[in-house]
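In terms of my numbering, the sequence shown opens at residue 19 and continues consecutively.
The beta-carbon is built from N, C-alpha and C at its ideal position, and this holds for glycine as well.
Predicted model, so just to flag it, every value in this text is computed and none were measured.
This report concerns only the one structure given below.
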Amino acid sequence: MVGLTLWWHPSGQGVLPHCPEREHRLRVNDCAALGGLLCDLLTGARWRWLVRALDARPYCSAHHALTGDGAVDAALSAVLNRAWRGDDGGAPLVANDGRGDQDVYDDPRELLADAAAALGIPLTPEAADGAGAGTPKS
């Protein structure tokens with residue numbers, strides 16, 4: 019659904035047809051936002067790390083010292099860079115013009131699983147597939 023406005027006031031709504039390309043761009047953009055949230059939870063400074071990722075050439079290939087542990091930081095850097103290459107529907111990926119890694123996340127569960135693996139946090143099968151979310155453990 020799309021909301022239409024006229025002079026900043028709602029004036030109508032419409033429905034756009036399903037477009038797989040648009041849906042993919044939105045999914046990779048959502049994963050980029052999730053990567054930023056992960057960075058914010060770990061360090062409280064997501065924008066500083068995003069600027070470093072965009073200063074690196076090719077874009078989103080920087081090493082981020084997020085935890086102080088070299089191996090963990092290398093694994094988390096790979097996760098964040100892969101997520102952030104999908105920012106704005108994949109703009110950094112397009113700007114790289116084929117240089118560097120070309121992979122982006124389009125599944126938030128895969129991003130979560132990779133981040134948990136990088137941090138050494140085991141995920142239960144229920145957490146990995148979203149089943150049982152919000153149910154207390156007995």
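Tell me the rounded alpha-carbon separation between residue i and residue j.
i              : j            : result
glycine 107    : alanine 93   : 23 Å
cysteine 78    : proline 140  : 27 Å
leucine 68     : alanine 80   : 9 Å
arginine 66    : leucine 56   : 13 Å
asparagine 114 : alanine 71   : 12 Å
proline 154    : leucine 44   : In this predicted model, proline 154 has a pLDDT of only 43, less than 50, meaning its place in the structure is not dependable; the value taken from the coordinates is given anyway. Their Cα atoms are separated by approximately 31 Å.
aspartate 125  : valine 46    : 8 Å
arginine 64    : alanine 96   : 15 Å
alanine 134    : leucine 98   : 12 Å
aspartate 58   : proline 28   : 34 Å
glycine 116    : alanine 74   : 15 Å
aspartate 87   : histidine 42 : 34 Å
alanine 131    : leucine 24   : 43 Å
glutamate 39   : tyrosine 123 : 15 Å
Identify whether residue i lies in helix, strand or coil by the three-state DSSP scheme.
i            : result
threonine 61 : helix
leucine 72   : helix
arginine 40  : helix
arginine 45  : helix
alanine 80   : coil
Under 6 Å from any heavy atom of the ligand SAM, does the C-beta of residue i make it?
i           : result
glycine 138 : In the structure shown, the ligand SAM is absent, as is every other ligand, since no ligand is present at all.
Among all the DSSP beta bridges, which residues are the ones paired with residue i?
i          : result
leucine 24 : His27
Can residue i and residue j be called in contact, C-beta distance under 7 Å?
i              : j           : result
isoleucine 129 : alanine 101 : Note that residue 129 is leucine in the sequence shown, not isoleucine. Yes, they are a contact pair.
glycine 104    : alanine 51  : no
proline 76     : glycine 118 : yes
leucine 84     : leucine 111 : no
List in chain order: all unbroken beta strand (DSSP E) runs of 3+ residues lying wholly within the stretch 111 to 136.
none
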